[in-house]
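Under this note's numbering, the first residue of the sequence shown carries the number 37, and numbering increases by one thereafter. Beta carbons: idealized from backbone N, C-alpha and C, even for Gly. As structure tokens, the structure follows; a few thoughts come after it.
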Amino acid sequence: MSKGILAVVSGFSGAGKGTVMKRLLEKHDDYALSISVTTRAPRQGEEDGREYFFRTKEEVEKLIADDQLLEYAEYVGNYYGTPRFYVEEMLSKGKNVILEIEIQGAMKIKEKIPEAVLIFVTPPSIKELEERLTGRGTESQDVIHSRLMRAAEESEGMENYDYLLVNDEVDGCVERLHQIVLSEQSRARRNEDFIKTIQEEARIFMKGEN
Ligand code: 5GP
């Protein structure tokens, strides 16, 4: 069985990544979403083991020391990291694994696992991002401002990603993401075993002809 694709998805807060991921998993069953460990406190409605594994600083530092995390980063005063075991297990089962992580972690994955595919989700414009954040009505002007500042910082690294995904409309965005993964699966260099088999069969055929 072929190994799945490891897809790293980053994007501005408010770009709608969460909705896109949720819809992708509902529509296609060959995906697995990695659940990270974090030291940040759960938000209302979040459950341990669903959104994140909520752990203490000491517990996360032990995971780091034991090399149990594929990558980790500090983000606004907290640790966030990707447990290695689940990702490796799902990939070996042929699932496409999605890591929804920030930019520093994405760069570490690219360094460690060059065959990972890096995708950056962005709204069509910063104006639209501002309107979405304001429209949610859940955040104060201050929080909206700091999220936009953060978006401005993160935009500096966009060109290091393999693909840009403009989230103008959720369903279209989900399908484009799925198409990216399908195209990656068709890359010749990801299918070396298949190529060898076909070449071997062709050689046997040619021998038979002589
Ligand atoms: P939040 O606190 O809003 O859930 O997440 C903050 C940021 O951390 C988001 O950009 C999210 O994508 C990122 N993040 C979540 N899990 C991980 C992880 O395992 N590793 C890294 N590097 N970033 C993560």
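{"Check": "Cα-Cα separation between glycine 161 and alanine 238, rounded to whole angstroms", "Outcome": "In the sequence under discussion, the amino acid at residue 161 is serine, which differs from the glycine named in the question. Using only the alpha carbons, I get a separation of about 51 Å."}
{"Check": "Where the beta strand (DSSP E) through glycine 117 begins and ends", "Outcome": "114-119"}
{"Check": "Proline 78 burial status per 10 Å Cβ neighbour count (16 or more: buried)", "Outcome": "exposed"}
{"Check": "Outcome for asparagine 203 when other beta-carbon atoms lying within 10 angstroms are tallied against a minimum of 16", "Outcome": "buried"}
{"Check": "Serine 72, buried or exposed, once every other Cβ within 10 Å from all chains shown has been counted against 16", "Outcome": "buried"}
{"Check": "In chain order, each alpha helix (DSSP H) run of at least 4 residues that lies wholly inside the stretch 50-75", "Outcome": "53-63"}
{"Check": "Where the alpha helix (DSSP H) through serine 161 begins and ends", "Outcome": "Unbroken run through serine 161: none, as it is neither H nor E."}
{"Check": "Where aspartate 229 sits in the DSSP three-state scheme", "Outcome": "helix"}
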